[in-house]
Amino acid sequence: MNTRWDLILLPSFVIIGILIVASQFIFLEGSFYKDLGLGRTGTDLQLTNYIRFFTDSFYLNTLWITVKTSGLATIFTLLLGFPVAYLIARMRSRWSMLLLAGIVVATFVTIVIKVFGLIIIFSADGLINKVLMGIGIVETPYTIIGNQTGVVVGLMHFTLGFGVLLLYSVIQTIPRSYEEAAQIHGASRWRMHYRVLLPLSLPGLTVGALMIFNMSMGAFTSAALLGGGRVFTLPVLIQRTVMMEVKYSMAGTLSAVLLVTVLLINLFSIILIRRLRSARLVIA
Amino acid sequence: MKHRLKLNRGLLGAAVLTLGVAFATSSTAGEFDGVTLKVATWGGSWKKNIETKIVPKFEAMGGQIEFVTGSPQSNLAKLIAARGKAPFDVMEVLDAQQKDFFVTNDFIQKIDTASMPNKQYLEDWQYNDWRIASWHTQESICYNRDKFKELGLPDPITYNDLSHPKLAGRLSIPDITSGGGLANVGAMAHAAGGNEANIGPGLEMIKRLNALKFWSRGGEVVTQLQSGDVYAAVVHSGWCVRARNAGANVMTAHPKIGSKVGVHKHGWLVIMKSSENVKAANWFLNEYNDADFQLEYARNSGVVPVNSKAISMLKSDPVLAEMLQLDPELIANELRVDYSKADISDWNDKWNRSVSGQ
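One line per chain: the protein sequences are A and B, in this order. Each residue of the first sequence is one higher than the one before, starting from 1115 at the first, in my numbering. Each residue of the second sequence is one higher than the one before, starting from 88 at the first, in my numbering.
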């Protein structure tokens, strides 16, 4: 008797379909109607909201800030996370497991608590400002609230633990013997990293970067708390539009634009990496 | 013998008293048997005040109260999502929502003011067939006295006094989406020479004030004042009272706006059109305006009672008497934003573009 193993997947597909696809569809469909106020929408299909989005510099700037802060957060998370992940992956002592466990536990901490921690240490009388002012780097307290730098820091805080875990698993798949072989043949440590480790980890690094970027694009809490009501990313604007202004159609449009932007950036990134890799193979 | 007579009289008195109490309670006990009254209000201390004072009374009469917590804006969204069939019987509404609720009265039903003896302590304009006042807040400037002294700054009198360079990056101003956002944007528009139909000058002034943060929850302001991150905040006096109680040496300044002093934000109670618990809902509205409850509410949350008896009683509280305007003449002279002239959607749009600079 042939067992239909694929049927096992059916419940998962149904649940995903209802929870994700259907709810997204409702918003996407709603984006094609006009807001009539008090949460009511018109009945005629139209592109008014999309036209408004793409002809209004406020919305375009919001999209740009969302992409920019997410992109910067991704780059800095990778720069900070890669060495940490590499060190833990290559450690031979029992400390590696302890460090890894610490990172896993840190990812469990709710982002609200993490962000408030940041706000406290960056407050006027907080640790960072005391140190910076103590050694004379700044004269007045530096704040991360209400500016894009703060939002980038918040997004990094949100994604760093996840990023390190992801990169750790990528580096673990690269045999240590490759690095040793490169060094035996005279490659310096830097050259070994650049010519051996980086190319081999590039596929994983790309996937990791995209995941961190996607998480950042959709992150609300860090951007809302550290943006201080002054930096509007798309998730922040969506929340305001839904909860405060009760404009469901416009919020649907903003969600649709966010979703399509993320999909396009992912698609172009994958195409670009593939082309780069095939070009590299031809050269090699 | 005399002792025995006294004892008998005592026993008789106790029996009469017991019977009296039993008779009195029998007329109310069980009046709301099986009734579940759903009340849409804020969470936190607002809800807790009701739980402490009103819920036990209602339960003693056989009913129970459930809460749907959220801001009036989000409760309005729930109401709309339910297509008018509100998932609650009673709702707290802000004066800023008057266009949503009181132009057509589509969402609400008439209240029975005849069954509300506590209305005698309200002013005439504070109740009508559709709504009854619940509290008011005084939107003020909450400033740190120590820091102002340290910087050599005089106590603020107007919003403009906050534009001093020494206060740059040390102010907290309400986000337009926060509880006091609309009232303060409207007030600042007036202070800067604009009005409800033209908030531009107010937004320009807000930009000029160079705030550290636009707060969305009052609790944030208390934390910021305590930590020393901000030296002054535009916030309702109740939060300033809480900051004082939390240890910050803060004081309220009721901003002078033309001939007006202070900014008045009003809360209303309404009964939803779809409510079937009308009697219980009217009972709740009356209890909300009971002097004891209003007094407790004011002490815990720093809101100003609408019950005149409670306002008089509040004057004996040294902190509240110092930080709130409790004289009826002063209250009457507070600026009230006329939301019938305001396009809130336009306000939100202009705010987003102005404060973000995007």
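Ideal placement from N, C-alpha and C gives every residue a C-beta, glycine not left out.
Inter-residue Cα distance where the pair is residue i and residue j
{"i": "Y214 of chain B", "j": "D377 of chain B", "result": "14 Å"}
{"i": "N192 of chain B", "j": "K1244 of chain A", "result": "56 Å"}
{"i": "K197 of chain B", "j": "A183 of chain B", "result": "20 Å"}
{"i": "T1263 of chain A", "j": "L1274 of chain A", "result": "16 Å"}
{"i": "H341 of chain B", "j": "Q412 of chain B", "result": "8 Å"}
{"i": "S114 of chain B", "j": "S202 of chain B", "result": "In this prediction, S114 of chain B scores a pLDDT of 49, lower than 50, which makes its location untrustworthy; no coordinate-derived value is stated."}
{"i": "E237 of chain B", "j": "E416 of chain B", "result": "34 Å"}
{"i": "M275 of chain B", "j": "G268 of chain B", "result": "11 Å"}
{"i": "Q431 of chain B", "j": "A168 of chain B", "result": "Sequence inspection shows Ile at residue 431 of chain B; the Gln mentioned does not correspond to that position. Computed Cα separation, rounded: 20 Å."}
{"i": "G281 of chain B", "j": "V1278 of chain A", "result": "53 Å"}
{"i": "K144 of chain B", "j": "S250 of chain B", "result": "49 Å"}
{"i": "M1306 of chain A", "j": "L1316 of chain A", "result": "14 Å"}
{"i": "Y384 of chain B", "j": "P392 of chain B", "result": "8 Å"}
{"i": "R440 of chain B", "j": "F1172 of chain A", "result": "7 Å"}
{"i": "G345 of chain B", "j": "L1161 of chain A", "result": "45 Å"}
{"i": "M1487 of chain A", "j": "I1251 of chain A", "result": "One cannot answer for residue 1487 of chain A here, as it falls past the ends of chain A, which runs 1115 to 1398."}
{"i": "K437 of chain B", "j": "S443 of chain B", "result": "10 Å"}
{"i": "R58 of chain B", "j": "Y1256 of chain A", "result": "Only positions 88 to 445 of chain B appear in the structure, and residue 58 of chain B is not among them; the question remains open."}
{"i": "L166 of chain B", "j": "F194 of chain B", "result": "8 Å"}
{"i": "I1225 of chain A", "j": "K300 of chain B", "result": "19 Å"}
{"i": "G1322 of chain A", "j": "K343 of chain B", "result": "56 Å"}
{"i": "G325 of chain B", "j": "Y208 of chain B", "result": "22 Å"}
{"i": "F1230 of chain A", "j": "R1354 of chain A", "result": "21 Å"}
{"i": "D414 of chain B", "j": "E226 of chain B", "result": "16 Å"}
{"i": "K366 of chain B", "j": "E118 of chain B", "result": "10 Å"}
Neighbour-count burial assignment, residue i, 16 or more Cβ in a 10 Å radius
{"i": "D1149 of chain A", "result": "buried"}
{"i": "T1367 of chain A", "result": "buried"}
{"i": "G1216 of chain A", "result": "exposed"}
{"i": "G1153 of chain A", "result": "buried"}
{"i": "N332 of chain B", "result": "exposed"}
{"i": "V1223 of chain A", "result": "exposed"}
{"i": "R257 of chain B", "result": "buried"}
{"i": "Y1292 of chain A", "result": "exposed"}
{"i": "L1177 of chain A", "result": "buried"}
{"i": "S427 of chain B", "result": "exposed"}
{"i": "L106 of chain B", "result": "With a pLDDT of 49 at L106 of chain B, under the threshold of 50, the modelled position of that residue is not reliable, and the figure given next carries that caveat. With fewer than 16 Cβ atoms within 10 Å of its Cβ, L106 of chain B is classed as exposed."}
{"i": "W355 of chain B", "result": "buried"}
{"i": "G1131 of chain A", "result": "exposed"}
{"i": "D211 of chain B", "result": "exposed"}
{"i": "L94 of chain B", "result": "Caution applies to L94 of chain B, whose pLDDT of 49 falls short of 50 and renders its modelled position unreliable; the value that the coordinates give is listed next. With fewer than 16 Cβ atoms within 10 Å of its Cβ, L94 of chain B is classed as exposed."}
{"i": "H353 of chain B", "result": "buried"}
{"i": "C229 of chain B", "result": "buried"}
{"i": "F1168 of chain A", "result": "exposed"}
{"i": "D262 of chain B", "result": "buried"}
{"i": "P1349 of chain A", "result": "buried"}
{"i": "K1228 of chain A", "result": "buried"}
{"i": "R295 of chain B", "result": "exposed"}
{"i": "I1298 of chain A", "result": "exposed"}
Delimiting residues of the beta strand (DSSP E) encompassing residue i
{"i": "L356 of chain B", "result": "350–359"}
{"i": "Q151 of chain B", "result": "151–156"}
{"i": "L1150 of chain A", "result": "1149–1151"}
{"i": "T128 of chain B", "result": "123–128"}
{"i": "E179 of chain B", "result": "177–181"}
{"i": "T200 of chain B", "result": "From DSSP, T200 of chain B is part of no beta strand (DSSP E); its letter is neither H nor E."}
Option nearest residue i by Cα separation, candidates the options
{"i": "I1259 of chain A", "options": "A:V1345, A:L1274, A:I1225, A:L1161", "result": "A:V1345"}
{"i": "V155 of chain B", "options": "B:M148, B:S132, B:K125", "result": "B:K125"}
{"i": "E421 of chain B", "options": "B:L296, B:R386, B:A270", "result": "B:A270"}
{"i": "V188 of chain B", "options": "A:I1298, A:G1151, A:F1276", "result": "The sequence as given places Phe at residue 188 of chain B; Val does not occur at that position. Closest by alpha carbon: A:G1151."}
{"i": "S265 of chain B", "options": "A:S1145, A:G1343, A:L1386, A:Y1308", "result": "A:G1343"}
{"i": "T1221 of chain A", "options": "A:G1250, A:H1271, A:L1241", "result": "A:H1271"}
{"i": "V180 of chain B", "options": "B:D199, B:P174, B:A220", "result": "B:A220"}
{"i": "Q185 of chain B", "options": "B:L372, B:Q160, B:A173", "result": "B:Q160"}
{"i": "G121 of chain B", "options": "B:G349, B:W326, B:K360, B:Q151", "result": "B:Q151"}
{"i": "G1185 of chain A", "options": "A:V1350, A:I1140, A:V1265", "result": "A:V1265"}
The alpha helix (DSSP H) enclosing residue i, as first and last residue numbers
{"i": "H223 of chain B", "result": "Per DSSP, H223 of chain B belongs to no alpha helix (DSSP H); it is in the beta strand (DSSP E), 219–231."}
{"i": "W1209 of chain A", "result": "1209–1222"}
{"i": "I260 of chain B", "result": "Segment 258–261 is the beta strand (DSSP E) holding I260 of chain B; no alpha helix (DSSP H) there."}
{"i": "T1355 of chain A", "result": "T1355 of chain A -> no alpha helix (DSSP H), and no H or E assigned at all."}
Inter-residue CB distance, residue i and residue j (contact presumed, cutoff 8 Å)
{"i": "A1199 of chain A", "j": "I1288 of chain A", "result": "Not a contact, Cβ separation roughly 11 Å."}
{"i": "N450 of chain B", "j": "E1359 of chain A", "result": "The requested residue 450 of chain B is not part of the displayed model; chain B covers only 88 to 445."}
{"i": "M292 of chain B", "j": "Y246 of chain B", "result": "6 Å"}
{"i": "S1363 of chain A", "j": "N1163 of chain A", "result": "6 Å"}
{"i": "L1241 of chain A", "j": "G1268 of chain A", "result": "Contact doesn't hold; Cβ gap of about 17 Å is too wide."}
{"i": "M1329 of chain A", "j": "L1372 of chain A", "result": "Wrong, their Cβ atoms sit about 13 Å apart, outside the cutoff."}
C-beta neighbour in chain E for residue i, strict 9 Å
{"i": "I167 of chain B", "result": "Among the protein chains in the structure shown, which are A and B, there is no chain E."}
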